[in-house]
Structures are given as structure tokens and as C-alpha cells.
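Counting from 1067, one number per residue, gives the positions in the sequence shown under my numbering. Remarks on the structure that follows.
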Amino acid sequence: MAADPGLFGPRSVTWQMHADPMMWIAGVRALYLQALHPRAVRGVHQNSAAFRMSKQGSRDAWGRLMRTANFVGTLTYGTTEAAEQAGAAVRSMHRRLSATEPATGERYGVDAPDLLLWVHCAEVDSYLHVLRRSGYPVGDAQADAYLDEQRESARLVGLDPAGVPGSRAALAAYFARVRPELALTPEAREVDGFLRRPPTPAVLVPVRALLWRQVAQLAYGALPAYAHELYGRPAPPPPAVTRRLRAAGRLLRAIPPTVRWRLPPRHILRAVERLGPDTRPAPYKLRRSAAILDGQEGTQGELRG
């Protein structure tokens, strides 16, 4: 019996993209963007100590970061059963959580579809934007294929895939529709403060100054212009941001994949062990498929394993 390739499989765009080390910077950009939705960030703030400036908060924050990486890794590289179980656990947790609108006293669930959709769209937009801008070889048709594939991830957190943007055009239309709802709330300011200077044990303060500052600045610079306006902090000119993203991409991709993949949570190594060495994710596999996707409409399925 053939091994289970999981939700996406080794021929998918998702399989290749999610192995790229720039995903970490993309994840921070997603946090910046997600925080600009008042109801979404309020739900996180009222139910988590992740962004609170305390020693306990710092432990929660890094734990949250690793849990997110583990979830994305499980959905991408785990078996179908493992992905479904991870999705069920997230849905169960969200069902138990709610937040309060301070102006009206309204209680609302953090699993409200509009909030789940915002979080999903901010994530996939950030992953796609940062990787492409940093030089990862994702063509336009492949980008659409990726967004279409990611409807499966949206399903697992409780969304109806039919209502989730599955192309660049649909995603752009979604952001244009939601943009008037975005604002810099006190909770968003707290997220911004946390991401700029996360609570760190004293021994790691120099590392934060040298490395994390660069990550946070790159992620912030990669935000859309309207996000910079809302946060009220300037960003370098877009060409300078692009140059820095490309330089970071070259640097991180120079680290051998087998070294990078040994870091927790190690989903890629386990997937390759399960499916065979020819399933190793690699950018050149996207280059090979680009001509097929860019030249033929509706061939996204050819990428899926």
C-alpha cells in the first residue's frame, strides 16, 4: 500500500513553498496584518497571554509561535489523519473561546467565520507575498494554485472552502472589501510593541537585538502601504524592502535544507522518510511545473500528489 501523501502531496505548490525558510518572516508579517482587524486581535488578546509584556507572557509567546509552526507543518507534511486531527483540535479550542466588544458589551465567538477568514487570508497572503518578493520561483498561475490548495487549510479551521479566496484576484477583492474595517486599536499597538521588542530572557537580549530586530523590520517593511499608515510608523521604500528580502532569502536558503529541517518540529524529514527521498521539497520543482501552469488554464490539479 502506498504511503499517505497527506492533504496536499509532494507535487503541490504548498509542499514546496512551506519548506522555505522565509516562511518565518512571512509568519511575522501575518501577525502584524492580523492585528489590524479590531475584533480578531481583541479575541486573541482577551484569550491569550501571548502578547502581554511579562516573563510568563514571553514563554507563552514563543510557545504560540512553535504551536503555529507545528500546525502548519502538520497540515502540509503530515498524514491525512494527522492533519484532520490537528484541525479538529483547533476547531474544538476555538468553539470554547469568546471575546467582548468593549463599546457595546457584545459577546462573540472567536470562531466567527469572518474572523477565521481574516486570519486565513492574512496568513496565505503573507506567505505568498514574502516568498515571491524574496526571490522564490512562484509564477502567477502557481500563486493561484497555491491559494486554491489552501482552501483545504481553511476547511480544517472551520471555514466553508467555497467562500475562501482561491486566486490572487479573489484575494485582492477580499482585502479591498475588508480594508475599511481595519484600525490601529490598543490591542494592535500592543502586538506591535511585542513584535518589535518581545520579552526575552536576559541571556538572549543580544540575540534579540542582532537577529530578531532584523526579522521584525523585514516583516513590517513587507506589509502593504495602508498597514504602515495605520501603524503610523514609516517603512523603507519598497525597492529597499525588496532588496533586503532577497538578500535574506539568499542567506537563509544557503543553509543546507537537511540542516534547516532538523530544527523542530521536523515535519519535512518525517514526510520524506514516509514517502521517499524523491519527495523532498525544492524550488526547482516549481520551476519545472511553471511552463505547464502558465500555459494551460485549469491545470492546478496536475501539481497535486
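Idealized CB from N, CA, C, for every residue including glycine.
Neighbourhood of L1163 by C-beta, 6 Å cutoff - its chain only, sequence neighbours within 5 removed: N1113, V1176
DSSP bridge partner residues for A1375 (one or two, in chain order): Examination of residue 1375 is not possible in this model, given that the chain is present from 1067 through 1371 alone.
C-beta contact flag for R1299 and A1282 at 7 Å: no
For Y1174: DSSP bridge partner residues: A1165
Cβ-Cβ distance between P1087 and L1318 below 7 Å: Yes.
Beta-carbon proximity of L1296 to L1329, cut-off 7 Å: no
C-beta contact flag for P1076 and T1324 at 7 Å: no
Presumed contact (8 Å Cβ cut-off) between V1196 and R1095, rounded CB distance: 6 Å
Counted within 10 angstroms of its Cβ, other Cβ atoms place S1158 as buried (16 or more) or exposed: exposed
Simplified DSSP assignment, three categories, for K1121: Residue placement at K1121 is poorly supported in this model, since its pLDDT is 41, which falls under 50; the coordinates still yield a value, given next. Looking at K1121 - three-state DSSP - the assignment turns out to be helix.
contact_flag[the stretch 1135–1147, the stretch 1283–1291] where n(CB pairs < 8 Å) is 3 or more: no
Cutoff 7 Å; reference L1181; Cβ partners in own chain excluding five residues on either side: R1105, A1106, G1109
Closest residue to L1408 among A1101, H1103, R1198 (Cα-Cα distance): Residue numbering for the chain in the displayed model covers 1067 to 1371; residue 1408 lies beyond these limits and cannot be assessed.
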